[in-house]
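One structure is given here, and the rest of the page talks about it.
In the UniProt record's numbering, the protein residues as written are 1 to 251.
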């Protein structure tokens, strides 16, 4: 989808992008080939030509910063197929909802191959070095919760990644509510020992662990791992639908 996106280019809005799509264009290469016939002004054609040259060069270098800065944040999902090899699926557990009053207990990071969980009092500080390794972050409600919470606790972390908060693109294609509800609607099944665990139970599990119940921590970490692994399952399931919805909506 990124290779047929234009709204990140200087002077190009959704109207011009729609006109290009309506003309049957499916890639930057096709746009270049048919540039003379595109139903947009000469000034816009020049802007698109320049934008394609710049975008192609930055994508060849896998320069995520360029696209993170220029794509509207709500459209970062378009870059998933190009940067899915450099992605971190991220989810946190906390003692409550308020940064400053509550604390992070667990941060889970899944790179598509390995799920890592970082625990308060053990190795939580390691996320300062881990998170910047990735070019794209994927969360659920992370724009309002996970990332601001992490930024409050670890202000030294600099964020220049693309960020897909799946909650919002999922709403575009008819999925609303919490992550667990959406998983059920998609037929994603959790393990028997954590299928009833939710955010508040995660808080209770942490407090049980702090009172000496090591098994409670094991359950909490398993719960967190399923959160991050299931985020990959979800985006892989819905990415084609997001593309289709995007083009149909603009029409």
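Where is the CB? At the ideal position from N, CA and C, for every residue including glycine. Owing to the predicted nature of the structure, the values given are computational and were not obtained by experimental measurement.
At the C-beta level, residue 94 and residue 224 stay beyond 8 angstroms of one another. Shown here, residue 152 sits in a helix according to DSSP, grouped into three states. Residue 128 is positioned such that its CB atom lies no closer than 8 angstroms to that of residue 149.
The segment 76 to 95 makes contact with the segment 136 to 145: 3 or more CB pairs, one atom from each, lie closer than 8 angstroms.
Annotation for residue 9: no beta strand (DSSP E) segment contains it, and DSSP assigns it neither H nor E. No residue range can be given for residue 1, since it is assigned to no alpha helix (DSSP H) and is classified by DSSP as neither H nor E.
Using a Cβ-Cβ distance cut-off of 8 angstroms, the segment 186 to 199 and the segment 156 to 169 are not in contact, since fewer than three pairs of beta carbons, one from each stretch, lie closer than that value. A distance of 8 angstroms or more separates the beta carbons of residue 164 and residue 241.
Per DSSP, reduced to three states, the secondary structure at residue 116 is strand.
Beta-bridge annotation (DSSP): residue 93 is paired with 106. With 16 or more other Cβ atoms from the protein chains shown falling within 10 Å of its own Cβ, residue 76 counts as buried. A straight line joining the alpha-carbon of residue 12 with that of residue 35 spans about 15 angstroms. A distance below 6 angstroms between beta-carbons, with the five flanking residues on each side excluded, links residue 8 to the following residues of its chain, in chain order: 70 and 71. In the DSSP assignment, residue 220 forms no beta bridge with any residue. For residue 216, the CB contacts under 7 angstroms within the same chain, skipping 5 residues up- and downstream, are 205, 208 and 209 in chain order. In the three-state reduction of the DSSP assignment, residue 162 falls in the strand class, which pools E and B. Judged by DSSP secondary structure, residue 136 falls outside any alpha helix (DSSP H) and instead within the beta strand (DSSP E) spanning 136 to 139. Within the model, the alpha-carbon separation for residue 60 versus residue 74 is close to 23 angstroms.
Annotated as distal: residue 179 and residue 202, with beta-carbon spacing of 8 angstroms or more. Residue 52 and residue 23 have their C-alpha atoms roughly 17 angstroms apart.
Excluding residues up to 5 positions away in sequence, 28 lie with their Cβ nearer than 7 angstroms to the Cβ of residue 56 in the same chain.
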